[in-house]
Each structure stands twice: as structure tokens, then as C-alpha cells.
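Protein sequence lines, in the order shown, are assigned to chains A and B.
When the letters of the first sequence are read in order and numbered with numbering that gives the first Met the number 0, they come out as residues 0 to 112.
When the letters of the second sequence are read in order and numbered with numbering that gives the first Met the number 0, they come out as residues 0 to 234.
Backbone N, C-alpha and C fix where the C-beta goes; we use that ideal spot for every residue, glycine too.
These numbers come from a predicted model, not from an experiment.
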Amino acid sequence: MLSWSSEISQVPVDVRAITDPKIDPLIPGGVALLRFADAVLAQSDDIRGTAELVAAELGWSGLVDAAAVIANFQMMNRVADGTGMPTGRGSRVRNAALIEMLGLDRFDHTDES
Amino acid sequence: MSGPIPASPRRSGYLGVVITTGGVPVLSGQEGGQPSIRRDVTDNLARTFANLAAPGASWTGEERLAIATEARRARSGGPAADGVPAEAVEAARTLADRPAAARRTWVERLVAGGLGYPRYVELVGIVSRVVAADTFVAALGRAVEPLPPAVPGEPTGDIADGARPGKGWVPMVGGTSITQALSLIPAENAELERFHGPMYLTFEEMSQPTIARGLTRPQMEVLAARTSAFNECFY
């Protein structure tokens, strides 16, 4: 979804930032968004500080939507992992380079029995 | 809005977000002159918390709240809940705190140990939504709110007749798909979709790569991907 939306929107993004906090994703507000996500997901004391950065760069509505998107994927990740949702072969083929670059195969446990 | 967010002098939450109204959590971004949170989001949160306390297909409202409490306890501590079997406690705690630890054999053990597929699938819905709702509230600077009182009543027994085993670990209706993941329990699958729309995008909107709200689609997807990486979720 990230590569697809970036390509069609013609917004360059460095997808390595997804798994490497040292890399700037290049999209507007991207560094602030990822720092906010990390703080929220880790339930750290830095939520307020990182939220202020997001609001400063992307406004209140950007901050609210950031919180909402993170929350939604907290739900979807648990639904996918709890129900053993497999990734389709087509998706694997299309995203093979990305999967290898980011080492995402280490997260795949759905085929284990 | 630009610049630092002013701290509310009256509340510990820095965004002045009010949660509880009459025992049912309701968000309002209006306090202290802050801009409003979208109404569809506040409605979603209010409905979600109320739904957690109501009887489900295979658990009572009290049992659903016990599951939600165990999910919260796994992430943030607090007193243990009573009234649900050990398998439910284990499932709730694992899915809340370490969802990537789930395995097919683990699910099969819990199901065979007395949960059964309907109660397990309903539990997945409960845990995933309470974690999501709590995440949103915490992200906006507030402490977790108490869950509302349980709504009395027996489980509805509404379990999909047409659900069948597939490539996933639980029976689904119409084939294995993330949008059908909880379809064994139609009410849970419907709640998943209702939550998904206001917080991210509706299933229909997901096909629109240039859609934007407070964030552009690439900004949304960066957050979605980072969240999934944090949770070690391959899907």
C-alpha cells in the first residue's frame, strides 16, 4: 500500500524507514510521524513531545489522524495474527524486492503449524 | 494548528480531551478551545466501548469486559479479571501484548481446550478493538478510561452457518480474507469494518491511492507500515 500510494501520488518515499528509525522516509512530516508512532506503540513517556512535533508540522487534524491510523493497525495486526491471515502468492511476488530489502520474512509465521 | 500544543491547566491530558460521559466514554476535542476531533471518530470510540460491554454472540457482556480487562492488563498492568476460562485469559493477554506470538497450533490448543472457534473469534475482535481504542486515547494524551458497566443479557448465539475452514486458522465466510477474518461472528466482523472506516479508510476507500484527510495516503501508509513492523505483523 505504501509503495503503491507513493507511486501513484508521485510522492517519493524511502521505504527503508519502515524498519530503520535512522532513515528519513522523505514524505512531509515523515520523521515526526514515525517518532510519534514509535512513542505511542512503545507506550513511552515521549508521546506528548512527539505529538507536539506532529501537530507543529501537520496540524491538529494530522495528529488526530495519525493517532487513528496507528490505532486502526493495532486492531488489524491483531486480527491478522489471531486468525492466521495468509499473504497471497501474488502479493508476495509483487513485493518480493521490498520483502527482501526490509527482511520482512522474519515476521511471517502464518505458514507454521 | 501550528506550534506547540498548549497544556490544559485543568486536566492532565495535554490535549484537553474529555472521555467519560455517563459511564460511556465519549471523546470531545472542544475543551480548552482545541479544535474538534472528527465526529465519526468520536462516535466510533463511544460505540466501540459500549459494544464491548454488551452481550456478544458467545460471551456475555460481563465476560466480554473481563476479556477486555485482561487485554489491558497484559499491556499496562492492573487487577486481574474474573469470570472467563484460563484459555480466554491466555488468548487475550497474548493477542494484546504479543500478537506475533500466535501460531496455528496455539489457536488449535485453545479452541480444543474449551474455547471453541466462535468464542475464540469473538475474543479476537474484543481484544483487537480495546487495544486499538486505548491506543488512540493514549496517543492523544489521556490515561485509559474505565470500561463501562456490563449490559445484562445472554449471548445472542448469532454464529455464521456458512463459515468454513480455509487457509487461515479460523473458519470464515466466503473464503479467507482480512475483510472476512471475523466473519464466523457476523457482529464482530461488522464492528471491525465500522471501526476501520473512521480511523483509517473504509474498505471501499482503500482503493483510492490519493485520498486524504488530515494526512495524505502515503503518510497514512507510513504509519500503518511502522505499526505493523512494531507488531511484527507480516500481513
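Measuring alpha carbon to alpha carbon, tell me which of the options ends up nearest residue i.
i        : options                                   : result
ALA70/A  : SER8/A, ALA36/A, GLY29/A and ALA16/A      : ALA36/A
ALA137/B : VAL14/A, PRO27/A, MET100/A and ALA38/A    : ALA38/A
ALA224/B : VAL63/A, LEU33/A and SER90/A              : LEU33/A
ARG216/B : ARG77/A, ILE26/A and ALA41/A              : ILE26/A
THR47/B  : GLY48/A, HIS108/A, ARG47/A and MET74/A    : MET74/A
ALA49/B  : LEU146/B, PRO164/B, SER176/B and SER227/B : LEU146/B
ASN43/B  : ASP133/B, TRP168/B and PRO148/B           : ASP133/B
MET171/B : ALA50/A, GLN42/A, ALA79/A and ARG47/A     : ALA79/A
LEU94/B  : GLU69/B, THR226/B and ARG193/B            : GLU69/B
ALA91/B  : VAL120/B, SER227/B, THR104/B and ALA111/B : VAL120/B
GLU86/B  : ARG71/B, ARG212/B and VAL110/B            : VAL110/B
ALA159/B : ALA73/B, ASN188/B and GLU203/B            : ASN188/B
If residue i and residue j are in contact, beta carbons under 8 angstroms, what's the gap, nearest whole angstrom?
i        : j        : result
ILE184/B : GLY124/B : 7 angstroms
PHE229/B : LEU103/A : Between LEU103/A and PHE229/B the Cβ distance is about 13 angstroms, and since that is not below 8 angstroms, they are no contact.
TYR199/B : ALA66/A  : Wrong, their Cβ atoms sit about 11 angstroms apart, outside the cutoff.
THR49/A  : ALA31/A  : 7 angstroms
Could you pull out every residue in the same chain whose Cβ sits closer than 7 angstroms to the Cβ of residue i, ignoring the five residues on either side in sequence?
i        : result
VAL83/B  : GLU62, ALA65 and ILE66
LEU1/A   : VAL12 and VAL14
PRO154/B : PRO54, GLY55, ALA56, SER57, TRP58 and THR59
PRO208/B : ARG216
MET205/B : none
SER75/B  : VAL143
GLY113/B : PRO84 and GLU86
ALA101/B : THR93 and LEU94
GLY2/B   : Low per-residue confidence applies at GLY2/B: pLDDT is 42, beneath 50, and the placement is therefore not dependable enough to give any value.
Excluding the 5 residues flanking residue i on each side, which residues of the same chain have their C-beta closer than 8 angstroms to its C-beta?
i        : result
LEU28/A  : In the sequence as displayed, the identity of residue 28/A is Gly instead of Leu. Excluding sequence neighbours, GLY28/A sits near VAL53, GLU56, LEU57 and GLY61.
ALA186/B : GLY55, ALA56, THR155 and ASP157
LEU214/B : LEU222
ILE98/A  : ARG91 and ASP104
GLU89/B  : LEU109
Leaving out five residues on either side along the sequence, give the residues of the same chain with a beta carbon under 6 angstroms from the beta carbon of residue i.
i        : result
VAL150/B : ALA52, ALA53 and GLY60
GLU231/B : ALA99
LEU191/B : LEU181
PRO197/B : ASP39, VAL40 and ASN43
SER227/B : none
**OP:** Would you mind listing the alpha helix (DSSP H) stretches within the region 74-141 of chain B that are 4+ residues and don't spill past its ends, in chain order?
**Re:** 85-96, 103-109 and 115-138
Original post:
Counting pairs of Cβ atoms below 8 angstroms between the region 67-81 of chain B and the region 177-194 of chain B, do you hit three or more?
Top reply: no
Original post:
Quick one: complete alpha helix (DSSP H) runs, 4+ long, within the region 10-35 of chain A?
Top reply: none
Original post:
Are three or more beta carbon pairs between the region 80-90 of chain A and the region 158-168 of chain B nearer than 8 angstroms?
Top reply: yes
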